[in-house]
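Protein chains in written order, with the working numbering: chain A, 1 to 452; chain B, 1 to 109. Here is the structure we will look at, set down as structure tokens.
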């Protein structure tokens, strides 16, 4: 074969089935209970029944119940040749990685189907969100990669895939659910001791980093330290009555969001920072008219936001560059903002000025108004929408649209300096060419000539 | 992928494996399979998703309670006819590539 053939399957025996209680608690908090959205997951067990209704929501049954469980096996015929010279696997505490940290998954799509083709397929993404040992990544994973290892750039094991695919309210979320390896191994080592398997427990415990062998408080502190000053901390949750979405803090008392999040001028909104700081009330001082293609609102806060690194605005828009989106889409207030990575897939210009940005980052409902950053943390724009095919009802989270900061920056600068709203009102009067772009109706200026 | 990802790729390929579960009884069940991680080659320890052994639980898949049930189940929780197999690759490092020299053909699938 073109690839080196995988080893013949080796027999193994089950040592135990283990789950991480903290993972289960986080899972119940985020996906179970009173959460109204219907979450679905692709699990590692038998195929779900045909009746889709029976596989929806928190009462999914065995498939969902197995989601946080992992099996520890021992190979029965591990040869000396395999052992010699194989470097030791290292495990890194998941809590030591900040959101947005690059991750690599290494799994086998479709499980044991055709391993000479699919064994150890790689996928790249970032740590999108974390709730204790429950992690989310935007690395694309497929069914069969349940149990796959997720590694840091240094090659340390961070997590195992718990569910490769997630849907919320029938929309593919584009994130994979992970269980932190350190927490899982700690639980498994404890269980092995209770089963009297001291030697195996010692082997597992030896894989754990020193701080993970102690309490979980240390790594949590490390995360806070590492995240201090991160660009994504400028993302905020904006609540306007029963509607909520994302926004970005541009100055201590200035937040930018979308009109469809904060639609009415003079309306009070509550802004919750991504940090542990208390929420701050604000007022919508400007929202574009419904007829404007620019879906923008400006919020003036009653108090200053503290401890937030206000972003530098990007002065360039390069197609193909690495970008990330920060939004509260997947979980709202329950889990802080999610970071998803991708590239700037298109910059649409009118008269040589960018008027629309497109990215490959996964974007979900609730991310509207959230910031789009370059890899160096400069603010490129704000997210306004992802894509839906109205004929099929399918939503595509990896094609989404942003308003470039270049469109907003002159008017915002003037507002910040003088409090003058008139320049912002110009956003209600864009050219017809801009309107056509945002209606997704632009046609080429000249019809393409056939080359035949 | 760039040099930056070298250590992660190497670690993934060293540790990555596939685990299959099937029944050995008269009515053979499965196989169910998933990905896994070779935690420790010397000790032969492998971690994989628990869903593939759920069909072999004596108490049924419901034994994996999502709520406040037990956080682990011993090997006796599964039927005796459960058979587990682990398959892993040689990786794509220089040594593995050396094995490929002169081997050009279409992979059968």
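For glycine and all other residues, C-beta sits at the position ideal for the given N, C-alpha and C. Note that the structure is a prediction, hence the values are computed from the model and not measured.
- Residue 38 of chain A carries a coil assignment under DSSP once its states are collapsed to helix, strand and coil.
- With contacts defined as CB atoms closer than 8 Å, residue 147 of chain A and residue 127 of chain A fail to qualify as a contacting pair.
- Chain B has no Cβ within less than 8 Å of the Cβ of residue 41 of chain A.
- In this structure residue 73 of chain B does not touch residue 73 of chain A by the C-beta definition: roughly 14 Å separates them, more than the 8 Å allowed.
- A distance of 8 Å or more separates the beta carbons of residue 78 of chain B and residue 52 of chain B.
- In the structure shown, residue 52 of chain B adopts helical secondary structure according to DSSP, grouped into three states.
- Using a CB distance below 9 Å, the part of the segment 185–208 of chain A facing chain B consists of 185, 187, 188, 190, 191, 192, 194, 195, 199, 200, 203, 204, 206, 207, ordered along the chain.
- In the DSSP annotation of this structure, residue 198 of chain A is not part of any beta strand (DSSP E); the continuous alpha helix (DSSP H) holding it starts and ends at 198–207.
- Taking all protein chains in view, the Cβ of residue 394 of chain A is surrounded by fewer than 16 other Cβ atoms within 10 Å, so the residue is classified as exposed.
- Around residue 153 of chain A, the beta-carbon contacts reaching into chain B at under 8 Å are 4, 5, 7, 8.
- A distance of 8 Å or more separates the beta carbons of residue 294 of chain A and residue 380 of chain A.
- Distance from the Cα of residue 190 of chain A is smallest, within the candidate group A:20, A:424, A:157, A:114, for A:20.
- The three-state secondary structure of residue 291 of chain A, taken from DSSP, is coil.
- Membership of residue 188 of chain A in the alpha helix (DSSP H) is indicated by the continuous run 181–194.
- Cβ atoms of residue 280 of chain A and residue 238 of chain A stay farther apart than 8 Å, at about 11 Å.
- Residues of the segment 35–52 of chain B with a C-beta atom less than 9 Å from some C-beta of chain A are 35, 36, 37, 38, 39, 40, 41, 42, 43, 44, 45, 46, 47, 48, 49, 50, 51, 52, listed in chain order.
- Taking C-beta atoms as the reference points, residue 44 of chain B and residue 81 of chain B fail to come closer than 8 Å.
- Residue 88 of chain A is positioned such that its CB atom lies no closer than 8 Å to that of residue 88 of chain B.
- According to DSSP, residue pairing for residue 322 of chain A in a beta bridge involves A:343.
- Among the bridge pairs identified by DSSP, residue 83 of chain B is matched with B:22.
- The three-state reading of DSSP puts residue 411 of chain A in helix, counting H, G and I together.
- For residue 74 of chain B, the nearest beta carbon of chain A is closer than 8 Å to its own beta carbon.
- For residue 25 of chain B, no Cβ of chain A is located within less than 8 Å of the residue's own Cβ.
- Measuring C-alpha to C-alpha distances from residue 346 of chain A to each of A:338, A:357, A:339, A:353 identifies A:357 as the nearest.
- For the options A:14, A:97, A:136, the alpha carbon positioned closest to that of residue 26 of chain A is the one of A:136.
- For the pair residue 91 of chain A and residue 16 of chain B, the Cα-to-Cα distance works out to about 14 Å.
- Counting the other CB atoms within 10 Å of its CB gives residue 258 of chain A a total of 16 or more, which places it among the buried residues.
- Excluding sequence positions up to five before and after residue 232 of chain A, its CB lies within less than 8 Å of the CB of 99, 100, 274, 324, 326, 337, 339, 371, 373, all in the same chain and listed in chain order.
- Residues of the segment 89–102 of chain A that bring their beta carbon within less than 7 Å of a beta carbon in chain B comprise 89, in sequence order.
- A straight-line Cα-Cα distance of about 5 Å links residue 9 of chain A and residue 86 of chain B.
- Taking C-alpha positions only, residue 71 of chain A is separated from residue 42 of chain B by approximately 18 Å.
- Using a Cβ-Cβ cut-off of 8 Å, residue 69 of chain A is close to 49, 50, 51, 54, 64 of chain B, given in chain order.
- The DSSP-derived three-state label of residue 13 of chain B is helix.
- For the segment 131–160 of chain A, the residues whose beta carbon sits under 8 Å from a beta carbon of chain B are, in order, 144, 145, 146, 147, 148, 149, 151, 152, 153, 154, 155, 156, 157, 160.
- Per DSSP, reduced to three states, the secondary structure at residue 360 of chain A is coil, with no helix or strand assignment.
- With a 10 Å radius around the Cβ and a threshold of 16 neighbouring Cβ atoms, residue 242 of chain A comes out exposed.
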